[in-house]
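Colleague: Got a structure for you, written out below as structure tokens; questions coming shortly.
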Amino acid sequence: MAAISRFSLFEQLRPNAFNFQRGIERETLRVDKQGTLSQKPHPQALGSALTHGSITTDYSESLLEFITGVHTDTQSLLDELSELHCFTSSQLEDEMFWSGSMPSPLPAQEQIPIAQYGDSHIGRLKTIYRHGLWHRYGRKMQTIAGLHYNWSLNDSFWRQWALLNGKSGDLTDFKTDEYFGLIRSFRRHSWLLLYLFGASPAADKSFLDSVSNQLSELNDETLYAPHATSLRMSNVGYSNQAQAELFVCFNSLESYAKTLAEAIRQPYPKYEKIGVKVGEQYNQLSSSILQIENEYYSDIRPKRVAYSGEKQIHALRTRGVEYIEVRCLDVNPYLPLGVDKTQIDFIDLFLLWCMVQDHPTISAEECRQLQKNSELVAIRGRDPELEIVVNGQSRKPAELASELIDSICRFAKNIDQLKQTDDYQNACEAQRSKIATPENLLSSRVLADVKKSGSFRQFTLSRSAETMALLQQPLSEQRLKFRVNESKQSWRRQRDIEMSDQGPFEQFLANYLEQ
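The following block contains the structure:
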């Protein structure tokens, strides 16, 4: 179906189709007042990192992750995220949230604490998986923080969209196909999000064991790329040679699931040398290209809420795509929550725009080019001489971004008319002003302020201190009681899981990997 035809159908949707469902996962390192990575365990008052639904850890015991519920209202989403930040900050002793995506000054690898999840089978699995990441990629890479945006369209949208497309009955396959189409459109245009919202052009020297020829030295502490938008999303940040061999371009659920399933089964010689279980110690879950599907790094993922102990691939294959997870967003160091309403509104708009575009399948050649485009924009996006290849043509990112924004802004006008608001046009115009004045791009502002501050550490430390001051807002008695009880209940759930485990861990692991 041609894009104009899809857009014509889109114009027939009623306003109740646009109550988007979204949630946020925000990562942030715990550091002391000097910006040194915390060596303290995850605070007990924050609950069990294994079972708490809103406050947990990512790779490291020091890497907090805040997870909101699902919201149809943007302000309520930000209110919950703010409450999680405020409650957590009140439970920290002489520590702060690190405000950048690239980590604080790091100690030696072995001093970066790996997250712990207790003695249950599932808790051990989560920790062993992280040991595998350490042995494969090093611990430093896993301290990078980002912001993940979970997004789905409501039932009213799907009923109307299916009817307009001549579909009826069970819509599981239709929704899955449409989400995969959205993902393909996203992959073709995701470089735009790096260009607009990338906020990590510099890093502390301790992050790299050897200086990359892509980076310049600001001084003895700080490395930067002069035109970078997001070192986090470049090969300076997340890099993985084994995964580079995987052809995952989201042409269908079956091909996606099959490719990841094969990678989970296929041994990789370098990882075989590490060993799975050496003596009584597990080094990794397996010696395959991927231990589990979450190890595959992509800027977007199809998702389905999985049952306890269920693998994501199995959940997707049996029940279809439920939502998508955008994973290419840096934390904005100028914002206490790392994100604001204007950015959320634009991402909503961008994702719906991707949905309505024509989205043919992606060839292996195009897949490689899309990856190259993203890498180039991440490391050199503001370089006025840079060109990326789109539809076989070499284009400058700034010029192409301006054209895309024009298209997205026209789209925004339609949505605002339906919803009787101007939020989406305002969000779009805010991005247009960045493109018109490159000095206003987030990465440009960050780099200028890093240089002004003297180092990446000093800049981010200053932002972190300001953030913590803004988060010193006491919760109401009712909300504080709710959060305290939530933490206590999470410990009870962890104990229940540990008590209910049956059989040896080895059998549990084998059953899990066989799904």
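Residues in the sequence shown are numbered consecutively from 1, following UniProt numbering. For each residue, glycine too, the CB sits at the ideal point set by N, CA and C.
From the DSSP output, in three-state form, read off H85 for me.
Modeller: For the purposes of this step, residue 85 is taken as the residue at position 85 of the sequence shown. In the structure shown, H85 sits in a helix (DSSP, three-state: H, G or I).
Colleague: Is the beta carbon of L147 sitting closer than 7 Å to the one on L329?
Modeller: For the purposes of this step, residue 147 is taken as the residue at position 147 of the sequence shown. For the purposes of this step, residue 329 is taken as the residue at position 329 of the sequence shown. Going by C-beta atoms, L147 is nearer than 7 Å to L329.
Colleague: Let's see if you can read the secondary structure: which residues bound the beta strand (DSSP E) around Q393?
Modeller: Looking up residue 393 in the sequence shown gives position 393. Looking at the DSSP string, the run of the beta strand (DSSP E) that includes Q393 is 393–395.
Colleague: Cβ-heavy atom distance between N485 and the ligand MG below 6 Å?
Modeller: In terms of ligand content, the structure shown is empty, and the ligand MG therefore cannot be addressed.
Colleague: Quick check on the burial criterion: 16 or more other C-beta atoms within 10 angstroms. Buried or exposed for P504?
Modeller: Within the sequence shown, numbered from 1, the residue matching residue 504 stands at position 504. Looking at its Cβ environment, which holds fewer than 16 other Cβ atoms inside 10 Å, P504 is exposed.
Colleague: Does DSSP classify S200 as helix, strand or coil?
Modeller: Reading the sequence shown from its first residue, position 200 is the one you call residue 200. If DSSP states are grouped into helix, strand and coil, S200 belongs with the strands.
Colleague: For P267, which three-state DSSP category applies?
Modeller: Counted from its first residue, the sequence shown places residue 267 at position 267. Note: P267 maps to strand in three-state DSSP.
Colleague: Contact between the region 445–456 and the region 355–371 is defined here as three or more beta-carbon pairs at a separation below 8 Å; is this criterion met?
Modeller: Counting Cβ pairs under 8 Å, fewer than three are found: no touch.
Colleague: So, for Q515: in the same chain, excluding its five sequence neighbours on each side, which residues have a beta-carbon less than 6 Å away from its beta-carbon?
Modeller: For the purposes of this step, residue 515 is identified with residue 515 of the sequence shown, where counting begins at 1. Cβ within range, chain order: K311, H314.
Colleague: Determine the extent of the alpha helix (DSSP H) in which H314 is found, giving its start and end residues.
Modeller: Position 314 of the sequence shown, counted from the first residue, corresponds to residue 314. Its alpha helix (DSSP H) spans residues 312–319.
Colleague: At what residues does the alpha helix (DSSP H) containing D345 begin and finish?
Modeller: Looking up residue 345 in the sequence shown gives position 345. Note, D345: alpha helix (DSSP H), 341–356.
Colleague: May I have the straight-line CA-CA distance separating R14 from G392, to the nearest angstrom?
Modeller: What you label residue 14 is simply residue 14 of the sequence shown in a count that begins at 1. What you label residue 392 is simply residue 392 of the sequence shown in a count that begins at 1. Rounded to the nearest angstrom, the two C-alpha atoms are 37 Å apart.
Colleague: D383 lies in the beta strand (DSSP E); which residues open and close that run?
Modeller: Within the sequence shown, numbered from 1, the residue matching residue 383 stands at position 383. Per DSSP, D383 belongs to no beta strand (DSSP E) and is neither H nor E.
Colleague: Name, in chain order, the residues that DSSP records as bridge partners for Y224.
Modeller: In the sequence shown, the residue the question calls residue 224 occupies position 224. According to DSSP, Y224 bridges with A202, S216.
Colleague: Are L441 and K451 closer than 7 Å when you measure CB to CB?
Modeller: Here residue 441 corresponds to residue number 441 of the sequence shown, with the count starting at 1. Here residue 451 corresponds to residue number 451 of the sequence shown, with the count starting at 1. Cβ atoms of L441 and K451: not closer than 7 Å.
Colleague: Within 10 angstroms of its Cβ, does F247 collect 16 or more other Cβ (buried), or is it exposed?
Modeller: Position 247 of the sequence shown, counted from the start, is the residue given in the question as residue 247. Exposed: under 16 other Cβ atoms inside 10 Å.
Colleague: Please check the pair Y256 and S288, which I expect to be a contact at CB under 8 Å, by giving their CB distance rounded to whole angstroms.
Modeller: The residue labelled residue 256 in the question sits at position 256 within the sequence shown. The residue labelled residue 288 in the question sits at position 288 within the sequence shown. Rounded, the Cβ-Cβ distance is 17 Å, inconsistent with contact.
Colleague: Excluding the 5 residues flanking Q139 on each side, which residues of the same chain have their C-beta closer than 6 Å to its C-beta?
Modeller: Residue numbering aside, residue 139 sits at position 139 when the sequence shown is read from its first letter. As written in the sequence, residue 139 is Arg, which differs from the Gln given in the question. Same-chain partners within the cutoff: Q109, I112.
Colleague: Just the Cα atoms here: how many angstroms apart are K419 and L78?
Modeller: Stepping through the sequence shown from its first residue, residue 419 is reached at position 419. Stepping through the sequence shown from its first residue, residue 78 is reached at position 78. The straight-line gap from Cα to Cα measures roughly 20 Å.
Colleague: With three or more beta-carbon pairs closer than 8 Å as the criterion, would you say the region 375–390 touches the region 219–233?
Modeller: With a cut-off of 8 Å, the region 219–233 and the region 375–390 count as touching, because enough Cβ pairs lie within range.
Colleague: Who are the Cβ neighbours of S234 in its own chain at under 8 Å, not counting the five residues just before and after it?
Modeller: Along the sequence shown, read from residue 1 onward, the residue named residue 234 stands at position 234. Excluding positions up to five away in sequence, the list reads Q214, A225, A228, E375, A378, I379.
Colleague: Is it true that the CB of Y323 sits closer than 7 Å to the CB of N150?
Modeller: Translated into the one-based positions of the sequence shown, residue 150 becomes position 150. Translated into the one-based positions of the sequence shown, residue 323 becomes position 323. Yes, Cβ-Cβ distance for N150 and Y323 is below 7 Å.
Colleague: On the premise that E325 lies in contact with R301, defined as a C-beta separation below 8 Å, what is that separation, rounded to the nearest angstrom?
Modeller: In the sequence shown, counting from the first residue as 1, residue 301 sits at position 301. In the sequence shown, counting from the first residue as 1, residue 325 sits at position 325. Going by Cβ atoms, the distance from R301 to E325 rounds to 5 Å, so yes, they are a contact pair.
Colleague: Counting only runs that start and end within the region 109–179, where is the alpha helix (DSSP H) found for 4 or more residues in a row?
Modeller: Correct list: 121–137, 155–164.
Colleague: Note down the Cα distance separating L513 from Y195, rounded to an integer number of angstroms.
Modeller: As a working note, residue 513 is residue 513 in the sequence shown. As a working note, residue 195 is residue 195 in the sequence shown. Going from the Cα of L513 to the Cα of Y195 covers about 38 Å.
Colleague: For R304, name the three-state secondary structure that DSSP assigns.
Modeller: As a working mapping, residue 304 is identified with position 304 in the sequence shown. The answer is coil: DSSP assigns R304 none of H, G, I, E or B.
Colleague: Assign R14 to one of three DSSP states: helix, strand, or coil.
Modeller: Here residue 14 corresponds to residue number 14 of the sequence shown, with the count starting at 1. Three-state result, R14: coil.
Colleague: Name the DSSP bridge partner or partners of D32?
Modeller: The residue you call residue 32 lines up with position 32 of the sequence shown. BP columns for D32 point to E95.
Colleague: With DSSP collapsed to three states, give me the class of F20.
Modeller: Residue numbering aside, residue 20 sits at position 20 when the sequence shown is read from its first letter. DSSP places F20 in coil when its eight states are reduced to three.
Colleague: Could you name the residues of the same chain whose beta carbon sits closer than 6 Å to that of F10, not counting the 5 residues immediately before and after it, in chain order?
Modeller: Translated into positions along the sequence shown, residue 10 becomes position 10. Excluding sequence neighbours, F10 sits near V356.
Colleague: Beta carbon of R124, beta carbon of Y59: below 7 Å?
Modeller: Looking up residue 124 in the sequence shown gives position 124. Looking up residue 59 in the sequence shown gives position 59. Going by C-beta atoms, R124 is not nearer than 7 Å to Y59.
Colleague: Counting pairs of Cβ atoms below 8 Å between the region 77–95 and the region 26–46, do you hit three or more?
Modeller: They touch, by the three-pair rule.
Colleague: According to DSSP, what are the bridge partners of S230?
Modeller: Stepping through the sequence shown from its first residue, residue 230 is reached at position 230. S230 is bridged to S200.
Colleague: Can you grab the Cα-Cα spacing for the pair E65 / K270, in whole Å?
Modeller: For this step, residue 65 is matched to residue 65 along the sequence shown. For this step, residue 270 is matched to residue 270 along the sequence shown. Roughly 31 Å separates the two Cα atoms.
Colleague: Quick one: what's Y282 bridged to in DSSP?
Modeller: Working through the sequence shown from its first residue, we reach residue 282 at position 282. Paired residue(s): K277.
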